[in-house]
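Each residue of the sequence shown is one higher than the one before, starting from 1 at the first, in our numbering. Just so it is clear, CB atoms sit at the ideal spot from N, CA and C, and this is done for glycine as well. Just so it is clear, the structure is predicted and the values come from calculations on it, not from any experiment.
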Amino acid sequence: MGFYHEQTRSDRDQYIKINWENMSPDMAYNFQKQNTNNQKTPYGYGSIMHYGKTAFSTQPGLETITPIPDATVEIGQRQGLSNIDILRINKLYGC
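See below:
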């Protein structure tokens, strides 16, 4: 799609907390913030490009990503593009 994973967005700290202590240090690179062009779109909790809450966890069920301010928000899915994914693609490619 031409995007970084959602949890690496430059503005991600407003929307999620990364629980560094719950992941293997050799997997931390997957969560490093990037200098992203977000196309002025909302943060996509439901983006196909978002990892799930326990991605690269050191123990089953241990969260590496916690949504804020509402920790119960579902994040990450692999069913298809979200509406925000589609909006961002359209803006990026001028559709």
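C-beta atoms of residue i and residue j nearer than 7 Å
i	j	result
Glu-6	Gly-61	no
Ile-68	Lys-33	no
Ser-47	Asp-85	yes
Thr-41	Arg-88	yes
Asn-19	Glu-63	yes
Range of the contiguous alpha helix (DSSP H) that encloses residue i
i	result
Ile-89	83 to 93
C-alpha distance - residue i paired with residue j, whole-angstrom precision
i	j	result
Tyr-51	Phe-3	13 Å
Ser-10	Ile-65	15 Å
Asp-58	Asn-22	As written in the sequence, residue 58 is Thr, which differs from the Asp given in the question. Each residue's alpha carbon lies about 6 Å from the other.
Thr-36	Arg-12	10 Å
Lys-53	Asp-70	13 Å
Gly-94	Gln-39	11 Å
Ala-28	Asn-90	31 Å
Val-73	Met-49	16 Å
Residue i, enclosing beta strand (DSSP E) - first and last residue
i	result
Pro-69	Taken as a continuous stretch (DSSP letters only), Pro-69 belongs to no beta strand (DSSP E), as it is neither H nor E.
Ile-48	Per DSSP, Ile-48 belongs to no beta strand (DSSP E) and is neither H nor E.
Checklist entry - Of all the beta strand (DSSP E) runs that stay within the bounds of the region 15 to 45, which reach a length of 3 or more residues? => result Correct list: 16 to 18.
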